[in-house]
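Note sheet for the following structure.
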Amino acid sequence: MIDIEHFVQGLDQRQRVQVWHAGTCTEPAQCVLYWMQRAQRGRENHALNTAIILGNILHLPVVTLFVVTDYPLANLRHYTFMLEGLTITAQHLKERGIPLIMRRGAPATEVTQIARELQAAAVVSDMCELRFPLQWRQDVKQQLEVPFICVDTDTIVPMWCHPQQEYAARTIRPKIQHLLPAFLQPLLDVEVQQPLTQPPCDPGEAEKPLRYLDSLQIDTSVRPPQDIHGGYTEAQKSIQRLLKQRLHAYADQRNNPELVGTSELSAYLHFGQISVQQLAWDVEHYTPEETGSAHIDITGGKAAYLEELIIRRELAINFAFHNPHYDSLEGCPTWGRKTLQKHASDPREWIYSLEEFEQARTHDELWNAAQNEMVVTGRMHGYMRMYWAKKILEWSETPEQAFNIAVYLNDKYELDGEMRMDIQVLAGPLVDSMTDPGTNDPSLA
């Protein structure tokens, strides 16, 4: 027997773990259940490592559960990318002696049922601060009879280390930098001491997750892009391109939409198919000598990329974690909302409907091109997305309508839809919320 709170206190990075349902892991138990949701990978995964450590202490195997559920605005594009990734994840888990069980339904119902069926000693999950996934965890907490803990796998400095909302990169940056040495470490996989060669129950479609596409009631008109596929293996190819071909020029080229100067890793991070901590470690410790290019200076590129990957990304996560209105104008600063309302009745030369925006039927060829790129490829260059959002505000009847249109189109077509960075990219141009009301210098952020 082991008390779950005592177990958490003994972990190396206990700040990363939160107990949602306390109690004692009692016998008889047959496994530790890892409910995979946010971190959809079988390697470099804090939550999975935590489940394995607990299983090793209890001399129990680990079983992973993934629930395919209906998600608002998710469509064929998003589900295809996700299920492609889970195909690779299932292989990685199998190699480690951890069966993947897949179910179709409501997360709380399926997690509770499988935990009971498999006589789980405890349930370990990853953490997500967005509205629907957070509610799923609340529901699981209410229904589970065994201990339940959540592990933050989505940040480098755990989100719980910041007890309040930070309003600019300049306020969160020194706090992250102070804690970074303790958390930015290589993420090593924990060895499974009680491996399983066969799943202990019906695995569902774990060997061929894409079969779930047939059972989903989703919009199939938003087709998957042809030039990007989900999964850890594909993500590693993009990481190598970043390190070897783009990092040296990242600081100069990332804001030029005519060049391919970004990492193109956003979707993989969004679905948790790669670890942000391991990615940051790889970038921080990469040297051009590895590719015989010792003469190339990548210092500026490293600094610029890590600023985006760590500071800006974790600022966005902090925003969504502490602000329940993160996806509406209500979540924006009061001064920003007042400014928008003050100018809400300003004359507008052009007014477009949602349908006209969605079909790229504006007078602006540049805006139309950006919209069409997003519709076809599932991606839009970050610099263009700021222009895109500003023009939606300029061409909509009200700020509320503009925000809702921007969020709707972003979440529907972007592969990383409903990502916190996207929300801030949309909100920032609309209310200029990333600078204080007394300054116009965005470089201060």
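UniProt numbering puts the first residue of the sequence shown at 1, with every later residue one more than the last. Don't be surprised by glycine CBs; every beta carbon is placed ideally from N, CA and C.
>> Here's a check: name, in chain order, each residue in its chain whose Cβ is nearer than 6 Å to the Cβ of L210, leaving out the five neighbours to either side.
In response: One-based indexing of the sequence shown puts residue 210 at position 210. Within the same chain, L210 has close Cβ partners L83.
>> Quick check on W350: buried or exposed, where buried means 16 or more other Cβ atoms within 10 Å of its Cβ?
In response: By 1-based counting over the sequence shown, the position of residue 350 is 350. So W350 ends up on the exposed side.
> How many Å lie between N404 and T362 at the Cα?
Replying inline: Counting from one through the sequence shown, the residue named residue 404 turns up at place 404. Counting from one through the sequence shown, the residue named residue 362 turns up at place 362. Spanning the two alpha carbons is a distance of roughly 18 Å.
>> Assuming the contact rule is C-beta atoms closer than 8 Å, L118 and C25 should be a hit. Round their C-beta distance to whole Å, please.
In response: Position 118 of the sequence shown, counting from 1, holds the residue named residue 118. Position 25 of the sequence shown, counting from 1, holds the residue named residue 25. Contact between L118 and C25 is ruled out by a C-beta separation of about 14 Å, above the 8 Å threshold.
> What three-state label does DSSP hand L86 in the structure shown?
Replying inline: Position 86 of the sequence shown holds residue 86. If DSSP states are grouped into helix, strand and coil, L86 belongs with the helices.
> For I228, which residues of its own chain have a beta-carbon under 6 Å away from its beta-carbon, when the five flanking residues on both sides are left out?
Replying inline: Here the question's residue 228 lines up with position 228 in the sequence shown. Excluding residues within five positions, none has a Cβ falling inside 6 Å.
> Any chance the region 334-343 sits against the region 281-288, with 3 or more Cβ pairs inside 8 Å?
Replying inline: no
> Where do the N-terminal and C-terminal ends of the beta strand (DSSP E) with Q18 fall, by residue?
Replying inline: Taking the sequence shown and counting its residues from 1, the one referred to as residue 18 is at position 18. For Q18, the enclosing beta strand (DSSP E) begins and ends at 17-21.
> Near A108, what residues of its chain come up, given a Cβ to Cβ distance below 7 Å and the 5 sequence neighbours on each side ignored?
Replying inline: If you number the sequence shown from 1, residue 108 lands on position 108. Counting only Cβ-Cβ distances below 7 Å, and skipping sequence neighbours, we find W136, D139, V140, Q143.
> Could you give the C-beta distance for R38 and D126, rounded to a whole number, given that I count them as a contact under 8 Å?
Replying inline: On the sequence shown, position 38 is the one that residue 38 refers to. On the sequence shown, position 126 is the one that residue 126 refers to. 4 Å between Cβ atoms; contact.
> In terms of alpha-carbon separation, which member of E264, L180, P324 lies closest to E314?
Replying inline: Residue numbering aside, residue 314 sits at position 314 when the sequence shown is read from its first letter. Of the candidates E264, L180, P324, the one whose C-alpha sits nearest the C-alpha of E314 is L180.
>> Please state the DSSP three-state secondary structure of M421.
In response: Stepping through the sequence shown from its first residue, residue 421 is reached at position 421. In this predicted model, M421 has a pLDDT of only 49, less than 50, meaning its place in the structure is not dependable; the value taken from the coordinates is given anyway. Here M421 sits in helix by DSSP.
> Which one or two residues does DSSP pair with A29 in a beta bridge?
Replying inline: Residue numbering aside, residue 29 sits at position 29 when the sequence shown is read from its first letter. Bridge partners of A29: none, in fact.
> Is I296 helix, strand or coil by DSSP?
Replying inline: Along the sequence shown, read from residue 1 onward, the residue named residue 296 stands at position 296. Coil at I296, not helix or strand.
> Where does S238 sit, in a helix, a strand or coil, going by DSSP?
Replying inline: Residue numbering aside, residue 238 sits at position 238 when the sequence shown is read from its first letter. In this structure, S238 counts as helix in the three-state DSSP scheme.
> Hey, Q273 and G85 are a contact pair by Cβ (cut 8 Å); roughly how many whole angstroms apart?
Replying inline: Residue numbering aside, residue 273 sits at position 273 when the sequence shown is read from its first letter. Residue numbering aside, residue 85 sits at position 85 when the sequence shown is read from its first letter. Yes, Q273 and G85 are in contact; Cβ-Cβ is about 4 Å, under 8 Å.
> Rounded to a whole number of angstroms, what is the C-alpha to C-alpha distance between G97 and N49?
Replying inline: Translated into the one-based positions of the sequence shown, residue 97 becomes position 97. Translated into the one-based positions of the sequence shown, residue 49 becomes position 49. Distance between the alpha carbons of G97 and N49: 13 Å.
>> With distance defined between alpha-carbon atoms, name the residue in Q113, S328, L11, L76 nearest to L213.
In response: Numbered from 1 along the sequence shown, position 213 holds the residue referred to as residue 213. If we check each option's Cα against that of L213, L76 comes out closest.
> Would DSSP call L65 helix, strand or coil?
Replying inline: Translated into the one-based positions of the sequence shown, residue 65 becomes position 65. Reduced to three states, the DSSP call for L65 is strand.
> Tell me, which residues are paired with R104 by DSSP?
Replying inline: Translated into the one-based positions of the sequence shown, residue 104 becomes position 104. R104 pairs with V68.
> Alpha carbon to alpha carbon, how far is P72 from D411?
Replying inline: The sequence position of residue 72 within the sequence shown is 72, counting from 1. The sequence position of residue 411 within the sequence shown is 411, counting from 1. Each residue's CA atom was taken as its position, placing P72 and D411 some 9 Å apart.
> In chain order, what residues of the same chain have a beta carbon less than 7 Å from the beta carbon of L54, not counting five sequence neighbours either side?
Replying inline: Stepping through the sequence shown from its first residue, residue 54 is reached at position 54. Taken in chain order, the residues that qualify are F7, V32, A122, V124.
> How many Å lie between E5 and S345 at the Cα?
Replying inline: For the purposes of this step, residue 5 is taken as residue 5 along the sequence shown, with counting starting at 1. For the purposes of this step, residue 345 is taken as residue 345 along the sequence shown, with counting starting at 1. Each residue's Cα considered, the two are about 55 Å apart.
>> Mapping the DSSP letters down to three states, classify V8 as helix, strand or coil.
In response: The residue you call residue 8 lines up with position 8 of the sequence shown. Three-state DSSP puts V8 in a helix.
> Quick check: the region 232-244 against the region 351-360, are there 3 or more CB pairs under 8 Å?
Replying inline: Because the criterion of three Cβ pairs below 8 Å is not met, the region 232-244 and the region 351-360 do not touch.
>> Check whether the region 299-318 and the region 248-262 are in contact - that is, three or more C-beta pairs closer than 8 Å.
In response: Segment contact: the region 299-318 against the region 248-262, three or more CB-CB distances shorter than 8 Å; contact assigned.
> Does DSSP put D126 in a helix, a strand or coil?
Replying inline: Residue numbering aside, residue 126 sits at position 126 when the sequence shown is read from its first letter. DSSP places D126 in strand when its eight states are reduced to three.
> With DSSP run on the structure shown, which of helix, strand or coil describes C161?
Replying inline: Taking the sequence shown and counting its residues from 1, one reaches residue 161 at position 161. Looking at C161 - three-state DSSP - the assignment turns out to be helix.
> Does any CB atom of chain B fall closer than 9 Å to the CB of H270?
Replying inline: Among the chains of the structure shown, chain B does not appear; only one protein chain is present.
>> Assuming the contact rule is C-beta atoms closer than 8 Å, E129 and V67 should be a hit. Round their C-beta distance to whole Å, please.
In response: For this step, residue 129 is matched to residue 129 along the sequence shown. For this step, residue 67 is matched to residue 67 along the sequence shown. In fact, because the Cβ distance is near 19 Å, the residues do not count as touching under 8 Å.
> To the nearest whole angstrom, what separates the beta carbons of F183 and Q13, a pair I think is in contact under 8 Å?
Replying inline: Counting from one through the sequence shown, the residue named residue 183 turns up at place 183. Counting from one through the sequence shown, the residue named residue 13 turns up at place 13. Q13 and F183 do touch by the CB rule: their CB atoms are close to 7 Å apart, below 8 Å.
>> Which same chain residues end up closer than 7 Å to M159 when comparing Cβ atoms and leaving out the 5 residues on each side of it in sequence?
In response: Reading the sequence shown from its first residue, position 159 is the one you call residue 159. Counting only Cβ-Cβ distances below 7 Å, and skipping sequence neighbours, we find E129, D152, I317, N318, F321.
>> Taking 6 Å as the limit between beta carbons, can you name the residues of its chain near L309, skipping five residues before and five after?
In response: On the sequence shown, residue 309 is found 309 positions in, with the first residue counted as 1. For L309, where only same-chain residues beyond five positions count, the Cβ hits under 6 Å are A280.
> Is D411 helix, strand or coil when you go by DSSP?
Replying inline: Taking the first residue of the sequence shown as 1, we reach residue 411 at position 411. Helix at D411.
> How big is the Cα-Cα spacing for G261 and L247?
Replying inline: As a first step, residue 261 is located in the sequence shown; it is residue number 261 there, counting from the start. As a first step, residue 247 is located in the sequence shown; it is residue number 247 there, counting from the start. Each residue's Cα considered, the two are about 8 Å apart.
> Any chance the region 88-95 sits against the region 218-238, with 3 or more Cβ pairs inside 8 Å?
Replying inline: Output reads yes: the region 218-238 touches the region 88-95.
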